[in-house]
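Chemist:
Chains as they are written, first to last, in the numbering used here: chain G, 641 to 874; chain L, -17 to 252; chain Y, 395 to 632.
#1: Please name the residues in the stretch 689 to 706 of chain G whose beta-carbon is closer than 7 Å to at least one beta-carbon of chain A, in chain order.
#2: If you draw a straight line from the C-alpha of residue 744 of chain G to the C-alpha of residue 706 of chain G, how long is it?
#3: Have a look at residue 581 of chain Y and residue 749 of chain G and give me their C-alpha separation to the nearest angstrom.
#4: Compute the beta-carbon to beta-carbon distance between residue 718 of chain G and residue 812 of chain G, rounded to the nearest angstrom, for a pair I have assumed lies under 8 Å.
#5: Please report how far the alpha carbon of residue 503 of chain Y lies from the alpha carbon of residue 490 of chain Y, in whole angstroms.
#6: Mind checking if residue 36 of chain L is an interface residue toward chain G, Cβ cutoff 7 Å exclusive?
#7: Taking the runs of the alpha helix (DSSP H) that are 4 residues or longer, which of them lie wholly in the stretch 492 to 577 of chain Y?
#8: How should residue 690 of chain G be labelled, buried or exposed, when 16 other C-beta atoms within 10 angstroms of its C-beta is the threshold for buried?
#9: Given that a residue counts as buried once 16 or more other Cβ atoms are within 10 Å of its Cβ, and exposed if not, what is residue 874 of chain G?
#10: Suppose the cutoff is 7 Å on Cβ atoms and the five residues either side in sequence are ignored; what does the same chain contact list for residue 844 of chain G look like?
#11: Tell me the DSSP bridge mates of residue 209 of chain L?
#12: Which full runs of the alpha helix (DSSP H) of 4+ residues lie inside the stretch 782 to 850 of chain G, going along the chain?
#13: Give the secondary structure of residue 172 of chain L by DSSP, where H, G and I count as helix, E and B as strand, and everything else as coil.
#14: Under three-state DSSP, which class holds residue 726 of chain G?
#15: Suppose the cutoff is 8 Å on Cβ atoms and the five residues either side in sequence are ignored; what does the same chain contact list for residue 49 of chain L look like?
#16: Using the three-state DSSP reduction, which class does residue 654 of chain G fall into: helix, strand or coil?
#17: If you count every other CB in all the chains shown that lies within 10 Å of the CB of residue 13 of chain L, and 16 or more means buried, which is it?
#18: If we define contact as Cβ-Cβ less than 7 Å, is residue 776 of chain G a contact residue for chain Y?
#19: Do you know whose CA, among G:670, G:785, G:658, lies nearest residue 804 of chain G's CA?
#20: Listing by chain order, which chain G residues have their CB less than 9 Å from the CB of residue 475 of chain Y?
#21: Suppose only complete runs of 4+ residues qualify. What are the alpha helix (DSSP H) ranges in the stretch 125 to 171 of chain L, listed by chain order?
#22: Under 7 Å, CB to CB, which of the residues in the stretch 480 to 493 of chain Y have a partner in chain G?
#23: Kindly indicate which three-state DSSP category residue 468 of chain Y falls into: helix, strand or coil?
#24: Is there at least one Cβ from chain G nearer than 7 Å to residue 468 of chain Y's Cβ?
#25: Quick one, are the C-beta atoms of residue 151 of chain L and residue 121 of chain L less than 7 Å apart?
#26: Under 7 Å, Cβ to Cβ, is there at least one residue of chain G near residue 180 of chain L?
#27: Rounded to the nearest angstrom, what separates residue 788 of chain G and residue 776 of chain G at their Cα positions?
#28: How about residue 189 of chain L and residue 54 of chain L: are their beta carbons less than 7 Å apart?
#29: Could you name the residues of the same chain whose beta carbon sits closer than 7 Å to that of residue 875 of chain G, not counting the 5 residues immediately before and after it, in chain order?
#30: Between residue 154 of chain L and chain G, is the shortest Cβ-Cβ distance under 7 Å, so that the two count as touching?
#31: How would you label residue 486 of chain Y, buried or exposed, when you count the other beta carbons within 10 angstroms and need 16 or more for buried?
#32: For the beta strand (DSSP E) containing residue 429 of chain Y, name the first residue and the last one.
#33: Using the beta-carbon count (16 or more within 10 Å), is residue 751 of chain G buried or exposed?
#34: Check the Cβ of residue 779 of chain G against every Cβ in chain Y and list those closer than 7 Å, keeping chain order.
#35: Per DSSP, what kind of secondary structure is residue 236 of chain L in: helix, strand or coil?
#36: Is any beta-carbon of chain Y found at less than 7 Å from that of residue 791 of chain G?
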């Protein structure tokens, strides 16, 4: 219990002092996870929507696969991305290993199925509602996707934020492909792992509280910006 | 929408490839990193050679793998047999001994297995096997782990036949120490990691000093003939620095809690 | 481009789901003029018939033939559902949606949208969330949204089933105006009084078949079949 209290104290002092290293790794965490979020959303949201409205033969299998991919162990993803981008691997020439770019790629792989799955679920419900009307109005497939995505944008935002949460707290994959290099690829989660490994639990916890605080702030900011709560409706 | 995505990707790639002071990648073991020596050496290296050495702190096995794949420019490990093989297979140019310290046995401060009273390391191993009290092993084929295995072997014991008291955690030095601390178990650790460790709990240093517990660190540049993009020049400059008098001063002078942690033993004429 | 997509001719039209017959075979012709009421006990296939004609229900056998090209046929019909389907947008955006689908810009659509909003007495509620409207208001909005496309044919499936008297009257007035302006209307209802008020001809459905189809006056005064008579009397028929 005292460890937790020490952790809170450590977090407080880090923030108050605006410790330079802390600021650096926090910004990097945001940069990596936010970039991953943007890319993964660009792929996952339209795909999840498309999956909700398009009927094709192996649709149920496709949905099951997307849902199952949510359970991809991040460390396995990290290993595969490492092997792809290692100098001896097929994409080694790009020299992306141990850079934030590789971390972003790994995180995109991890969170896209999550975003697509959640998006699909809510788009499916909305489609069930709109189905007859949109068919009656002779909408084409792109018009349907755009209408659903716009009208269901709040649910899509939830899907994206779920992806962000997963990304910002992820450590297994980015440890492997990023290397946790000081001043280059170290982020909040890998720093926490490092301090834990050194036995400095207070600092690790402190960083952990900063991470949680960051996630809360981002969520609040996004909801505020999109004015999600109007007249009590979420 | 597409524009945002494209800009995000470009930003990331540009950032990753931005020009900086000359960089090289060095894979080091967790034991080395946990000692804290790197925090002293890296700034000096940057100042004296202009090299921004990026450390990848991984297990010995992973360091060797990274070196073999050419994903790093050099490695610094402490597993002699592996190092010799690495060079023999031409993955590395040559093996350069830099410094050594020693391994120590830590355990519950009351020392129920009585290893503190042992006269040599063989007696320690026998005492541990007899007491069957919790023992945390690295279990990850690291330099430390291989040293531990060699000690069991030398004492005529087969650790594969040990019961549940022998716990191979498959983790780095810090993680193993954490586990050991939580279990109040015996462990073999390198001295520097132990000194610097902040979660000792009830553990205390119980046995040290036997010659068999020597922990030698060596630096191996990755072979540029195998990988054309390797920063061979930088790796050589670092080799020179690590065997220089500046390095000697810093390494010999590094203390934790007032105690020197390493002994520099490189032959400066390489 | 034809002048009209009518007459609609159904020949031996059958709709099945999973092998089970829903309605048919049905032979009928919907001519260019009139207000057709589709009546019948619950489960007789009224909804299925409407959906079949509009294209929401798949045709298993027979034909459903309109005049004109595929594009004409799709563009010049509209459908109002029993439970109004509101887009999760404002009243204004619901009204302009069908126009935006056809590439009409928001600014050009503004006048039309405002006119229609005024006509259904929702001009004060243009910016309001359509989901927050009352049942009657939603249905009026759905009707206006259907009519804003200027369809040749308007299908309605029991539009007033869940509405109070006032809303029903407003909708009926709007429907009569629309019919007089030349739109062909085909509407299902179980409200006998409404049928009498609005119909020019009647389709009487029973157990998935088109049991009777004739002029309204004739049907109400002297139906041809005993089942229709029983239905008009208010008996429960199966």
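Using N, Cα and C, we set each Cβ at its ideal position, and we do this for glycine too.
Since we're looking at a predicted model, the values are computed, not measured.
Modeler: Let me lay it out:
#1: No chain A appears in this structure, whose protein chains are G, L and Y.
#2: Along the first chain, one-based indexing puts residue 744 of chain G at 104. Along the first chain, one-based indexing puts residue 706 of chain G at 66. Answer to the nearest angstrom: the Cα atoms are 20 Å apart.
#3: Looking up residue 581 of chain Y in the third chain gives position 187. Looking up residue 749 of chain G in the first chain gives position 109. About 52 Å.
#4: Here the question's residue 718 of chain G lines up with position 78 in the first chain. Here the question's residue 812 of chain G lines up with position 172 in the first chain. Confirmed, Cβ separation roughly 6 Å.
#5: For this step, residue 503 of chain Y is matched to residue 109 along the third chain. For this step, residue 490 of chain Y is matched to residue 96 along the third chain. Spanning the two alpha carbons is a distance of roughly 7 Å.
#6: One-based indexing of the second chain puts residue 36 of chain L at position 54. Taking Cβ atoms only, chain G reaches closer than 7 Å to residue 36 of chain L, which makes this a yes.
#7: 500 to 513, 529 to 541, 559 to 574
#8: The residue given as residue 690 of chain G occupies position 50 in the first chain. Result: buried.
#9: Stepping through the first chain from its first residue, residue 874 of chain G is reached at position 234. For residue 874 of chain G, the pLDDT reaches just 42, beneath the cut-off of 50, and the residue's location in the model is therefore unreliable, leaving the point undetermined.
#10: Start at 1 with the first residue of the first chain, and residue 844 of chain G comes out as number 204. If we look at residue 844 of chain G and ignore the five residues flanking it on each side, its Cβ neighbours are 832, 835, 836.
#11: For this step, residue 209 of chain L is matched to residue 227 along the second chain. The partner list for residue 209 of chain L (beta bridge, DSSP) is empty, contrary to what the question assumes.
#12: 793 to 808, 812 to 818, 828 to 837
#13: Reading the second chain from its first residue, position 190 is the one you call residue 172 of chain L. In this structure, residue 172 of chain L counts as strand in the three-state DSSP scheme.
#14: Here residue 726 of chain G is taken as the residue at index 86 of the first chain, counted from 1. Correct three-state label for residue 726 of chain G: coil.
#15: The residue labelled residue 49 of chain L in the question sits at position 67 within the second chain. Within the same chain, residue 49 of chain L has close Cβ partners 9, 56, 57, 68, 73, 74, 202, 204.
#16: Numbered from its first residue, the first chain carries residue 654 of chain G at position 14. In this structure, residue 654 of chain G counts as helix in the three-state DSSP scheme.
#17: In the second chain, residue 13 of chain L corresponds to position 31, counting from 1. The residue in question, residue 13 of chain L, is buried, as its Cβ has 16 or more Cβ neighbours within 10 Å.
#18: In the first chain, residue 776 of chain G corresponds to position 136, counting from 1. It does: the Cβ of residue 776 of chain G has a partner Cβ on chain Y nearer than 7 Å.
#19: Position 164 of the first chain holds residue 804 of chain G. Of the candidates G:670, G:785, G:658, the one whose C-alpha sits nearest the C-alpha of residue 804 of chain G is G:670.
#20: As a working mapping, residue 475 of chain Y is identified with position 81 in the third chain. Within 9 Å Cβ-Cβ: 772, 773, 776.
#21: 125 to 136, 155 to 165
#22: 481, 482, 483, 492
#23: As a first step, residue 468 of chain Y must be located in the third chain, where it is residue number 74. Helix, per DSSP.
#24: To locate residue 468 of chain Y, count along the third chain from 1; it is residue 74. It does; some Cβ of chain G falls within 7 Å.
#25: The count along the second chain starts at 1 and reaches residue 151 of chain L at position 169. The count along the second chain starts at 1 and reaches residue 121 of chain L at position 139. Contact flag set, yes.
#26: For this step, residue 180 of chain L is matched to residue 198 along the second chain. It does: the Cβ of residue 180 of chain L has a partner Cβ on chain G nearer than 7 Å.
#27: By one-based count along the first chain, residue 788 of chain G stands at place 148. By one-based count along the first chain, residue 776 of chain G stands at place 136. Distance between the alpha carbons of residue 788 of chain G and residue 776 of chain G is about 15 Å.
#28: For the purposes of this step, residue 189 of chain L is taken as residue 207 along the second chain, with counting starting at 1. For the purposes of this step, residue 54 of chain L is taken as residue 72 along the second chain, with counting starting at 1. No, Cβ-Cβ distance for residue 189 of chain L and residue 54 of chain L is not below 7 Å.
#29: Coverage of chain G is limited to positions 641 through 874, which leaves residue 875 of chain G absent and any answer about it impossible.
#30: For the purposes of this step, residue 154 of chain L is taken as the residue at position 172 of the second chain. True, the Cβ-Cβ gap to chain G drops below 7 Å.
#31: Reading the third chain from its first residue, position 92 is the one you call residue 486 of chain Y. Looking at its Cβ environment, which holds 16 or more other Cβ atoms inside 10 Å, residue 486 of chain Y is buried.
#32: Taking the first residue of the third chain as position 1, residue 429 of chain Y is located at position 35. First-last of the beta strand (DSSP E) with residue 429 of chain Y: 429 to 433.
#33: Residue 751 of chain G sits at position 111 when you count from the first residue of the first chain. So residue 751 of chain G counts as buried.
#34: The count along the first chain starts at 1 and reaches residue 779 of chain G at position 139. Those within 7 Å of residue 779 of chain G in chain Y are 495.
#35: Stepping through the second chain from its first residue, residue 236 of chain L is reached at position 254. DSSP places residue 236 of chain L in coil when its eight states are reduced to three.
#36: Here residue 791 of chain G refers to the residue found at position 151 when the first chain is read from its first residue. Closer than 7 Å to some Cβ of chain Y, the Cβ of residue 791 of chain G qualifies, so yes.
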